[in-house]
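Residue numbers (our numbering): 59 to 264.
Note that the Cβ used here is the ideal one computed from N, Cα and C, for glycine as well.
A short write-up of the structure that comes next.
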């Protein structure tokens, strides 16, 4: 493959796009840095001008993913307003939408073994995504007396885990995990059951 001429920013993004392709095909540990360089049309040595190694490159993909994810969560939260329940449910649906539209980023974020604490920037960006769901959770619980109110950080984390489980089992074509229900329906029903159990929404709300 002929080597391409890249400006500084273009080469960095070309390597990210190459890694996204490889992650989707081979998984986060199934390729080498040399393969990523070859797919981007550059020498392996060129990669080290921007990244320390393969994990550093995957971490950059994860960072980009968290930036997209946080923006999508914020957009979904805003779109659900002024209903606190609508905003909360919208953030859950955003999780499914993100996993489907950005599978390479999703894998880099949640399945690569890269810690969100690897860099301050990655930690801050992932926290921004979580903070949107926590804000939606806080809004939803305002009608409950503060002494009886469940911590927003706790039940938002539970909903995050529920969303992640639905994605992993039923929204990413996992082998042997066929559901008779659409992932969106599973998630919405699960959220409803959970929130009713905590007294966060009335039992007669569909």
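- request: Would you kindly work out how many angstroms separate the C-alpha atoms of residue 241 and residue 136, rounded to a whole number?
  value: The sequence position of residue 241 within the chain shown is 183, counting from 1. The sequence position of residue 136 within the chain shown is 78, counting from 1. Each residue's Cα considered, the two are about 23 Å apart.
- prompt: Leaving out the 5 sequence neighbours to the left and right, which residues in its chain are closer than 8 Å to residue 252 when beta-carbon positions are compared?
  reply: The residue labelled residue 252 in the question sits at position 194 within the chain shown. Cβ within range, chain order: 213, 216, 217, 220.
field: Segment limits, alpha helix (DSSP H) that includes residue 249
entry: Residue 249 sits at position 191 when you count from the first residue of the chain shown. 241-255 is the extent of the alpha helix (DSSP H) around residue 249.
task: Report back the beta-carbon spacing between residue 78 and residue 108 to the nearest angstrom; my notes put them in contact at under 8 Å.
output: Walking along the chain shown from the start, residue 78 turns up at place 20. Walking along the chain shown from the start, residue 108 turns up at place 50. With a beta-carbon spacing of about 15 Å, residue 78 and residue 108 fall beyond the 8 Å limit used to define contacts.
- request: Assess, as a yes-or-no matter, whether the segment 119-136 is touched by the segment 163-174 under the definition of 3 or more beta carbon pairs within less than 8 Å.
  value: yes
query: How many Å lie between residue 111 and residue 105 at the Cα?
result: Start at 1 with the first residue of the chain shown, and residue 111 comes out as number 53. Start at 1 with the first residue of the chain shown, and residue 105 comes out as number 47. When rounded, the distance between both Cα atoms is 8 Å.
- request: Kindly indicate which three-state DSSP category residue 191 falls into: helix, strand or coil?
  value: Taking the first residue of the chain shown as position 1, residue 191 is located at position 133. In this structure, residue 191 counts as helix in the three-state DSSP scheme.
- prompt: Does the Cβ-Cβ distance between residue 131 and residue 181 come in under 7 Å?
  reply: Counted from its first residue, the chain shown places residue 131 at position 73. Counted from its first residue, the chain shown places residue 181 at position 123. For residue 131 and residue 181, no; Cβs fall outside 7 Å.
message: Quick check: what's the CA-CA separation for residue 204 versus residue 196?
response: Along the chain shown, one-based indexing puts residue 204 at 146. Along the chain shown, one-based indexing puts residue 196 at 138. The alpha-carbon of residue 204 is positioned some 11 Å away from that of residue 196.
field: Element boundaries [alpha helix (DSSP H), containing residue 202]
entry: Within the chain shown, residue 202 is the residue found at index 144, counting from 1. First-last for residue 202: undefined, no H or E at that position.
field: Reference residue 169; option with closest CA among 113, 193, 148
entry: Translated into positions along the chain shown, residue 169 becomes position 111. Checking every option, the nearest Cα to that of residue 169 belongs to 113.
- request: Identify, in the order they occur along the chain, each residue of the same chain with its Cβ nearer than 6 Å to the Cβ of residue 139, setting aside the five sequence neighbours on each side.
  value: Here residue 139 corresponds to residue number 81 of the chain shown, with the count starting at 1. Correct list, in chain order: 145.
query: From which residue to which residue does the alpha helix (DSSP H) around residue 102 run?
result: Translated into the one-based positions of the chain shown, residue 102 becomes position 44. 102-105 is the extent of the alpha helix (DSSP H) around residue 102.
query: From residue 184 to residue 117, what does the alpha carbon distance come to, in whole angstroms?
result: As a position in the chain shown, residue 184 is number 126, starting the count at 1. As a position in the chain shown, residue 117 is number 59, starting the count at 1. Computed Cα separation, rounded: 12 Å.
field: Extent of the continuous alpha helix (DSSP H) to which residue 129 belongs
entry: Here residue 129 corresponds to residue number 71 of the chain shown, with the count starting at 1. 112-138 is the span of the alpha helix (DSSP H), which, as asked, contains residue 129.
query: Would DSSP call residue 90 helix, strand or coil?
result: Here residue 90 is taken as the residue at index 32 of the chain shown, counted from 1. Three-state DSSP puts residue 90 in coil, outside helix and strand.
- request: Take the Cβ of residue 59 as the centre, count every other Cβ of all protein chains shown within 10 Å, and call the residue buried at 16 or more, exposed below.
  value: One-based indexing of the chain shown puts residue 59 at position 1. Low confidence applies here, because residue 59 scores a pLDDT of 38, under 50, leaving its location unreliable; read the following figure in that light. Residue 59 should be labelled exposed.
message: Mapping the DSSP letters down to three states, classify residue 164 as helix, strand or coil.
response: For the purposes of this step, residue 164 is identified with residue 106 of the chain shown, where counting begins at 1. In the structure shown, residue 164 sits in a helix (DSSP, three-state: H, G or I).
- request: Check each candidate in 248, 161, 198, 206 and name the one with the smallest Cα separation from residue 82.
  value: Translated into the one-based positions of the chain shown, residue 82 becomes position 24. The option with the nearest alpha carbon to residue 82 is 161.
query: Taking just the CA atoms, how far does residue 158 sit from residue 228?
result: In the chain shown, the residue the question calls residue 228 occupies position 170. In the chain shown, the residue the question calls residue 158 occupies position 100. Straight-line Cα distance between these residues: approximately 11 Å.
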